[in-house]
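Throughout, the numbering used here is defined as the position within the sequence shown, counted from one, plus 8.
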Amino acid sequence: MKSVRLRVKSPSGEVCLSAPYHIPEAELRTFVAARTGWIRQQQARIAASPSARAEKASKEEIEAWRTVVKACVPPLVEQWAAILDVHPKTIAYRNMKSRWGSCQPETGRICFNIRLALYPPECLEYVVVHELCHFLEPNHGPGFHALMDRVMPDWPARKKKLQ
């Protein structure tokens, strides 16, 4: 490692410092102290994020998200499946921590994260299109990205809202 790096992890807000071994501890303490304002700003941003809210959600809130996503996904799947000429067989919904959706083209099953209810509607539509594109392009190679660019040109901006 050649430089000192500081980051704030999501959703915990934990501060992580990485540095070369030769840098004295006193210098590292000064480095962190000089960035206290930035650290607090990042922790506040993370605490207000949907992912932090999801970590503290009640069973009732989780079921409300499921209800919202179950109501919104089928019409989007129907619309985009027709555009892409793909035919999913099963739609599932799960509360997942690390992925927005999944697709199994061989079985026709697509699954959506109910936490998408916490994000703008265009994010849900992006995930629907992303998963349906996997029926035509199974991996995230150039063909997949070209397909996404063709059918949803603003997909990178939508994806960014989920990060």
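C-beta: ideal position from N, C-alpha, C; glycine also.
For residue i, three-class secondary structure by DSSP
i: A42; result: coil
i: I31; result: coil
i: T75; result: helix
i: L25; result: strand
i: F152; result: helix
i: D157; result: helix
i: Q171; result: coil
i: V81; result: helix
i: E145; result: coil
Beta-bridge partners of residue i, as assigned by DSSP
i: G109; result: F120
i: A100; result: C119
i: V16; result: V23
Spatially closest choice to residue i from the options, by CA coordinates
i: V94; options: P113, L14, N103, P82; result: P113
i: V136; options: G45, E33, D157, L84; result: L84
i: A42; options: L14, S66, P32, A52; result: L14
i: P161; options: H138, L144, N147, P146; result: H138
i: L170; options: T75, Y127, N103; result: Y127
i: K168; options: P150, I118, W108, Q49; result: W108
CB of residue i within 7 Å of CB of residue j, strictly
i: L132; j: L124; result: yes
i: F39; j: V12; result: yes
i: Q101; j: F120; result: The sequence shown places Tyr at residue 101, not Gln. Contact: yes.
i: V23; j: I47; result: yes
Own chain partners of residue i with C-beta closer than 8 Å, once the 5 adjacent residues on each side are dropped
i: A208; result: The structure shown does not extend to residue 208, since the chain spans only 9 to 171, so no value can be given for it.
i: T115; result: K97, T98
Beta-carbon contacts of residue i that lie in its chain and below 7 Å, excluding the five residues immediately before and after
i: H142; result: C111, P113
i: E130; result: R166
i: Q51; result: V16, G21
i: A89; result: H95, P96, L140
Sequence-distant residues of the same chain with beta carbon closer than 6 Å to residue i, five excluded per side
i: I122; result: W73, R74, V77, Y101, N103
i: L92; result: L140
Chain B within 7 Å of residue i, Cβ atoms only
i: H148; result: Note that chain B does not occur in the displayed structure, where there is just one protein chain.
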